[in-house]
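Following: one structure in structure tokens, then a few remarks.
There are 2 protein chains.
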Amino acid sequence: MADAEIIAVGSELLTPQKVDTNSLYLTDQLNALGVEVVRKAVVGDDRQRLVETIHGAMERSQVVVLTGGLGPTEDDLTRESVASALGRELVFSQDICDQIAERFRRFGRVMAEINKRQAYIVSGAEVLNNPRGTAPGQWISNNGLTVILLPGPPSELKAMFERECLPRFEKLLPPQAIRSRFYRSVGLTESDLDELIAPVYTKYTNPATTILAASGEIHIHLRARCAEAAQAEKLLEEVASQIEPLLGDRIYSRNGDSLEAVVGRLLRERKAHLSVAESATGGLLGGRITSVAGSSDYFVGGFLTYTDQMKTELLGVPADLIQEHSAVSEAVAKAMAQGAQKRTHSDYALSITGYAGPDGAQVGVVFIGLATPDGVQARRVQLPGDRERIRMFSTNTALDLLRRTLLGIG
Amino acid sequence: MADAEIIAVGSELLTPQKVDTNSLYLTDQLNALGVEVVRKAVVGDDRQRLVETIHGAMERSQVVVLTGGLGPTEDDLTRESVASALGRELVFSQDICDQIAERFRRFGRVMAEINKRQAYIVSGAEVLNNPRGTAPGQWISNNGLTVILLPGPPSELKAMFERECLPRFEKLLPPQAIRSRFYRSVGLTESDLDELIAPVYTKYTNPATTILAASGEIHIHLRARCAEAAQAEKLLEEVASQIEPLLGDRIYSRNGDSLEAVVGRLLRERKAHLSVAESATGGLLGGRITSVAGSSDYFVGGFLTYTDQMKTELLGVPADLIQEHSAVSEAVAKAMAQGAQKRTHSDYALSITGYAGPDGAQVGVVFIGLATPDGVQARRVQLPGDRERIRMFSTNTALDLLRRTLLGIG
Chain A
446 MADAEIIAVG
456 SELLTPQKVD
466 TNSLYLTDQL
476 NALGVEVVRK
486 AVVGDDRQRL
496 VETIHGAMER
506 SQVVVLTGGL
516 GPTEDDLTRE
526 SVASALGREL
536 VFSQDICDQI
546 AERFRRFGRV
556 MAEINKRQAY
566 IVSGAEVLNN
576 PRGTAPGQWI
586 SNNGLTVILL
596 PGPPSELKAM
606 FERECLPRFE
616 KLLPPQAIRS
626 RFYRSVGLTE
636 SDLDELIAPV
646 YTKYTNPATT
656 ILAASGEIHI
666 HLRARCAEAA
676 QAEKLLEEVA
686 SQIEPLLGDR
696 IYSRNGDSLE
706 AVVGRLLRER
716 KAHLSVAESA
726 TGGLLGGRIT
736 SVAGSSDYFV
746 GGFLTYTDQM
756 KTELLGVPAD
766 LIQEHSAVSE
776 AVAKAMAQGA
786 QKRTHSDYAL
796 SITGYAGPDG
806 AQVGVVFIGL
816 ATPDGVQARR
826 VQLPGDRERI
836 RMFSTNTALD
846 LLRRTLLGIG
Chain B
446 MADAEIIAVG
456 SELLTPQKVD
466 TNSLYLTDQL
476 NALGVEVVRK
486 AVVGDDRQRL
496 VETIHGAMER
506 SQVVVLTGGL
516 GPTEDDLTRE
526 SVASALGREL
536 VFSQDICDQI
546 AERFRRFGRV
556 MAEINKRQAY
566 IVSGAEVLNN
576 PRGTAPGQWI
586 SNNGLTVILL
596 PGPPSELKAM
606 FERECLPRFE
616 KLLPPQAIRS
626 RFYRSVGLTE
636 SDLDELIAPV
646 YTKYTNPATT
656 ILAASGEIHI
666 HLRARCAEAA
676 QAEKLLEEVA
686 SQIEPLLGDR
696 IYSRNGDSLE
706 AVVGRLLRER
716 KAHLSVAESA
726 TGGLLGGRIT
736 SVAGSSDYFV
746 GGFLTYTDQM
756 KTELLGVPAD
766 LIQEHSAVSE
776 AVAKAMAQGA
786 QKRTHSDYAL
796 SITGYAGPDG
806 AQVGVVFIGL
816 ATPDGVQARR
826 VQLPGDRERI
836 RMFSTNTALD
846 LLRRTLLGIG
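Chains as they are written, first to last, in our numbering: chain A, 446 to 855; chain B, 446 to 855.
This is the structure:
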């Protein structure tokens, strides 16, 4: 399998505002070809740094893709830097110059003298046509090393990659198949989850396993690569069939779907309706549920009851219950859920009441209530982090409680 | 001025889905300190590649910042790779181990054996506390070279940089006065805003002006750098005093405060209370309002009325009004706001009803209602983008309508 490095060129990509997104597209394309991207770099318009970076990449990897720096101005240094790193000359191409001039003419303009810079190619390079702009790309083969120069504007880059690079890669690379699986899980920390499944995945380098914590949940990626699709599928299944039983119902999604989408599907399948009653989260739970297109099939609405008075007036939580147990309690969480269920005539109702902080002795204590056609339950959790995380984790906990209840896995 | 390189560590950052955004925050912070970011790299969880990359960065630049790879699992290789690149040992710190264990205890859990990996530090490193997670950071000084290890999760990284790194940088770097201003604005597109103020800011390279679109609003940063604070302040004032009149009341914040924080402050000053009635946004508006600590001073609660029936039952919107005008109409937006105001006894009530998509002829049409002590109004907007953006922009429009009304600027 070939390794690739991607080098994005341009000082604007070193500002706090700009992120290199071309490399995401290129990674997707390269992975599909069986080429792994092992390193990415962003370098400004600085000749020496650029030559160094290209040089390092050429020493380590078989494919080096450069994006940007092919414009007509003085700070467009990719052409000359690649030539320098390869120890080759830059040569002027009258053909390319004529094509650029023709492009200008077509748009009723005259080519500026400066655009002639774009007609220089690295000696021995194949020219990659640019149907969407003036800068041609270049493809250089050098003893098993492939160096590719692509323009920075995403639309130019994509068109050029698809029309000019894909056919060349297909000739160059051995056929390879990639099969992947993407699990999402809530209710375990990253380290607990890793401890559970590491004995399995550390035995394999293929498929490769990646574990990642994100917004209070854990993502697990498995990716198998083989010459044959059937073989990749078999390897993937071999590892997946060991990991899945270890995680069991803690896996809520096997295809990358979000928790709110999974819960929505379960409700829709059951033709059931849901409402919410939110205190600490103030609407975040409803906001997540309704982020799914089509959520009106199962979500009817709910109540934001930020004050005790609202809990009583809007949800019918008895004032003396709040007095006795405090607003953050199992009793009040249950009463909130029952109130929402009753007043919206929904089958299910989730409630959240807790201390999101930042101040107070009990920050992170949250109660989740769930009213169902069969009764009501509540769960106490102690959540880590700051106000934002406590609120986000609260919605995870609530959605997962509903998921488990709908699936009958308690 | 010192040069910095940023190395983001993690195989997930080499997938087509994930982009390194921590480096944007770090670039902003480092630039403000007068440190230029000259190269960025992304490396997977591969020891040899990581050591090579760190080595190269240390040879070229005075500051090397690594993000990620400080977790407890086998593929978290930053600690050992930095030690190896520096030719130092990793040493176990019982202190850090105790702190991690204590953190687990606080959340009612037992530390997994695997977390002990996080208690190893590069010999001679200063430990950077992590108030938001288990992985401590590290700060290593080595003959004019500074190597910094920061955790990958953005909230942990930011908190650590601000509390632990900024004070250390201020001691390290030559005194330079930087004065900045951070305006936030809603209601103008980026290009319209740029057209308004470009004639001013393009005349100056110091202060530097940055314009950035984010979540439907525009951020404007001015940053002046001088040897003397008074001089930086004077330059900043010279540009700010020309820009501010051009934008007028479209600037809602001069210190970076969010729109929900600004609206909250206005309500608190007036001892006024707010409620909401949300349809298309399903809780996002309440979620934003309550993201501000202390919002219980002015936010009482509200209603999520996703169906017509809920609008009628929970808010008292007449069914025939919905029938006549449709649920997405000026009349219904007004009735929703009035219903929320009446049923929560709040001084002000905001409502949102609209088509968030993805399907339908009128996607992006949204009505915002606002009930005040003096009456009720509604505003129709046509918002661009997908479901997520339409919902986010809707909450911006609602909060800005309330802001302008509270300020009497219509």
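Quick reminder that beta carbons are idealized off the backbone N, C-alpha and C, glycines included.
| query | From this set, B/676, B/548, B/721 and B/698, which residue's C-alpha is nearest residue 813 of chain B's C-alpha? | reply | Translated into the one-based positions of the second sequence, residue 813 of chain B becomes position 368. That would be B/721, whose Cα lies nearest to the Cα of residue 813 of chain B.
| query | Taking the C-alpha atoms as reference points, what is the distance between residue 788 of chain B and residue 817 of chain B? | reply | Translated into the one-based positions of the second sequence, residue 788 of chain B becomes position 343. Translated into the one-based positions of the second sequence, residue 817 of chain B becomes position 372. Approximately 14 Å, taken between the alpha carbons.
| With 16 other Cβ atoms within 10 Å as the buried cut-off, status of residue 838 of chain A | Within the first sequence, numbered from 1, the residue matching residue 838 of chain A stands at position 393. Burial call: buried.
| query | What residues from chain B crowd round residue 486 of chain A, counting only those whose CB sits closer than 8 Å? | reply | Residue 486 of chain A sits at position 41 when you count from the first residue of the first sequence. Simply 484, 485, 486 and 487.
| Do you know offhand how far residue 727 of chain A's Cα is from residue 467 of chain B's? | On the first sequence, position 282 is the one that residue 727 of chain A refers to. On the second sequence, position 22 is the one that residue 467 of chain B refers to. Near 28 Å, if we compare the C-alpha coordinates of residue 467 of chain B and residue 727 of chain A.
| message | Just to confirm my understanding: we take residue 624 of chain B, look at its own chain, exclude 5 residues before and 5 after, and list those with CB closer than 6 Å. What are they? | response | The residue labelled residue 624 of chain B in the question sits at position 179 within the second sequence. Excluding sequence neighbours, residue 624 of chain B sits near 669, 677, 678 and 681.
| said: Measuring straight from C-alpha to C-alpha, what distance separates residue 602 of chain B and residue 824 of chain A? | reply: Mapped onto the second sequence, residue 602 of chain B falls at position 157. Mapped onto the first sequence, residue 824 of chain A falls at position 379. C-alpha separation (whole angstroms): 31 Å.
| Nearest-angstrom Cα separation, counted from residue 539 of chain A out to residue 545 of chain A | Taking the first residue of the first sequence as position 1, residue 545 of chain A is located at position 100. Taking the first residue of the first sequence as position 1, residue 539 of chain A is located at position 94. Approximately 10 Å between the Cα atoms of the pair.
| message | Taking only three categories from DSSP, how would you classify residue 717 of chain B? | response | As a working mapping, residue 717 of chain B is identified with position 272 in the second sequence. In the structure shown, residue 717 of chain B sits in coil (DSSP, three-state: anything other than H, G, I, E or B).
| said: Just to make sure I have the definition right: I need the residues of chain A whose C-beta is within less than 8 Å of the C-beta of residue 517 of chain B. Which are they? | reply: Taking the second sequence and counting its residues from 1, the one referred to as residue 517 of chain B is at position 72. Result: 635, 636 and 639.
| field | Opening and closing residue of the alpha helix (DSSP H) in which residue 646 of chain B lies | value | As a first step, residue 646 of chain B must be located in the second sequence, where it is residue number 201. Its alpha helix (DSSP H) spans residues 635-646.
| If you follow the beta strand (DSSP E) that residue 463 of chain A is part of, which residue opens it and which one closes it? | In the first sequence, residue 463 of chain A corresponds to position 18, counting from 1. Per DSSP, residue 463 of chain A belongs to no beta strand (DSSP E) and is neither H nor E.
| task | Taking residue 791 of chain A as the reference, give the member of A/528, A/525, A/716 and A/487 with the closest Cα. | result | As a first step, residue 791 of chain A must be located in the first sequence, where it is residue number 346. It is A/716 whose Cα lies nearest to the Cα of residue 791 of chain A.
| query | Is residue 773 of chain A helix, strand or coil when you go by DSSP? | reply | For the purposes of this step, residue 773 of chain A is identified with residue 328 of the first sequence, where counting begins at 1. In this structure, residue 773 of chain A counts as coil in the three-state DSSP scheme.
| said: The beta strand (DSSP E) that contains residue 748 of chain B, what's its start and end? | reply: Against the second sequence, residue 748 of chain B aligns to sequence position 303. Where residue 748 of chain B is concerned, the enclosing beta strand (DSSP E) stretches over 744-750.
| Can you name the start and end residues of the beta strand (DSSP E) that residue 571 of chain A belongs to? | Here residue 571 of chain A corresponds to residue number 126 of the first sequence, with the count starting at 1. Note, residue 571 of chain A: beta strand (DSSP E), 571-573.
| Is it the case that the Cβ atoms of residue 524 of chain B and residue 474 of chain B are separated by a distance below 9 Å? | Taking the first residue of the second sequence as 1, we reach residue 524 of chain B at position 79. Taking the first residue of the second sequence as 1, we reach residue 474 of chain B at position 29. Going by C-beta atoms, residue 524 of chain B is not nearer than 9 Å to residue 474 of chain B.
| query | Name the chain B residues whose beta carbon is nearer than 8 Å to that of residue 736 of chain A? | reply | Working through the first sequence from its first residue, we reach residue 736 of chain A at position 291. Residues of chain B passing the Cβ test: 727, 832, 833 and 836.
| request: Compute the Euclidean distance between the alpha carbons of residue 643 of chain A and residue 683 of chain A, then round it to the nearest angstrom. | output: The residue you call residue 643 of chain A lines up with position 198 of the first sequence. The residue you call residue 683 of chain A lines up with position 238 of the first sequence. Approximately 15 Å between the Cα atoms of the pair.
| message | Applying the 10 Å Cβ sphere with the 16-neighbour rule, what's the burial state of residue 742 of chain A? | response | Start at 1 with the first residue of the first sequence, and residue 742 of chain A comes out as number 297. Exposed: under 16 other Cβ atoms inside 10 Å.
| Going along the region 744-765 of chain A in order, which residues come within less than 9 Å of chain B, judged by CB to CB distance? | 744, 745, 746, 747, 748, 749, 750, 751, 752, 754, 755, 756, 758 and 759
| query | By how many angstroms is the C-alpha of residue 769 of chain B removed from the C-alpha of residue 763 of chain A? | reply | For the purposes of this step, residue 763 of chain A is taken as the residue at position 318 of the first sequence. For the purposes of this step, residue 769 of chain B is taken as the residue at position 324 of the second sequence. The alpha-carbon atoms of residue 763 of chain A and residue 769 of chain B are separated by roughly 38 Å.
| task | Would you mind giving the Cβ-Cβ distance between residue 798 of chain A and residue 777 of chain A, rounded to the nearest angstrom? I have them listed as a contact below 8 Å. | result | Position 353 of the first sequence holds residue 798 of chain A. Position 332 of the first sequence holds residue 777 of chain A. Contact holds; Cβ gap of about 6 Å.
| Hey, would you say residue 527 of chain A sits closer than 9 Å to residue 585 of chain A, going by beta carbons? | Residue numbering aside, residue 527 of chain A sits at position 82 when the first sequence is read from its first letter. Residue numbering aside, residue 585 of chain A sits at position 140 when the first sequence is read from its first letter. In contact: residue 527 of chain A and residue 585 of chain A (Cβ atoms closer than 9 Å).
| Assuming residue 730 of chain B and residue 840 of chain B make a contact with CB atoms under 8 Å, what is their CB distance in whole Å? | The count along the second sequence starts at 1 and reaches residue 730 of chain B at position 285. The count along the second sequence starts at 1 and reaches residue 840 of chain B at position 395. Contact holds; Cβ gap of about 5 Å.
| query | If you count every other CB in all the chains shown that lies within 10 Å of the CB of residue 494 of chain A, and 16 or more means buried, which is it? | reply | Walking along the first sequence from the start, residue 494 of chain A turns up at place 49. So residue 494 of chain A ends up on the buried side.
| message | Cβ closer than 9 Å: which chain B residues qualify as neighbours of residue 523 of chain A? | response | On the first sequence, position 78 is the one that residue 523 of chain A refers to. Chain B residues near residue 523 of chain A: none, gap ~15 Å exceeds 9 Å.
| Expected contact under 8 Å - CB spacing of residue 628 of chain A and residue 699 of chain A to nearest Å | Counted from its first residue, the first sequence places residue 628 of chain A at position 183. Counted from its first residue, the first sequence places residue 699 of chain A at position 254. So it is a contact: roughly 6 Å between Cβ atoms.
| field | Proximity winner among A/469, A/480 and A/732, relative to residue 611 of chain A (alpha-carbon distances) | value | Here the question's residue 611 of chain A lines up with position 166 in the first sequence. Among A/469, A/480 and A/732, the Cα nearest to that of residue 611 of chain A is on A/480.
| Beta-ladder partner(s) of residue 822 of chain A, from DSSP | By one-based count along the first sequence, residue 822 of chain A stands at place 377. Answer is A/815.
| So, is the C-beta of residue 713 of chain B closer than 9 Å to a C-beta in chain A? | Reading the second sequence from its first residue, position 268 is the one you call residue 713 of chain B. It does not: the Cβ of residue 713 of chain B has no partner Cβ on chain A nearer than 9 Å.
| said: My assumption, with CB atoms under 8 Å, is that residue 734 of chain B sits in contact with residue 705 of chain B. Please give the rounded CB distance. | reply: Along the second sequence, read from residue 1 onward, the residue named residue 734 of chain B stands at position 289. Along the second sequence, read from residue 1 onward, the residue named residue 705 of chain B stands at position 260. 5 Å between Cβ atoms; contact.
| request: Would you mind working out which of A/618, A/685 and A/725 sits nearest residue 647 of chain A, comparing C-alpha positions? | output: In the first sequence, counting from the first residue as 1, residue 647 of chain A sits at position 202. Out of A/618, A/685 and A/725, A/685 has the C-alpha closest to the C-alpha of residue 647 of chain A.
| task | Have a look at residue 671 of chain A and residue 476 of chain A and give me their C-alpha separation to the nearest angstrom. | result | Position 226 of the first sequence, counting from 1, holds the residue named residue 671 of chain A. Position 31 of the first sequence, counting from 1, holds the residue named residue 476 of chain A. Whole-angstrom Cα-Cα distance: 12 Å.
| message | Once the 5 residues before and after residue 737 of chain A are set aside, which same chain residues still bring their CB inside 8 Å of it? | response | Taking the first residue of the first sequence as 1, we reach residue 737 of chain A at position 292. 703, 705, 706 and 709, listed in sequence order.
| said: Give me the residue from B/661, B/577, B/650 and B/811 with the minimum Cα distance to residue 902 of chain B. | reply: The structure shown does not extend to residue 902 of chain B, since chain B spans only 446 to 855, so no value can be given for it.
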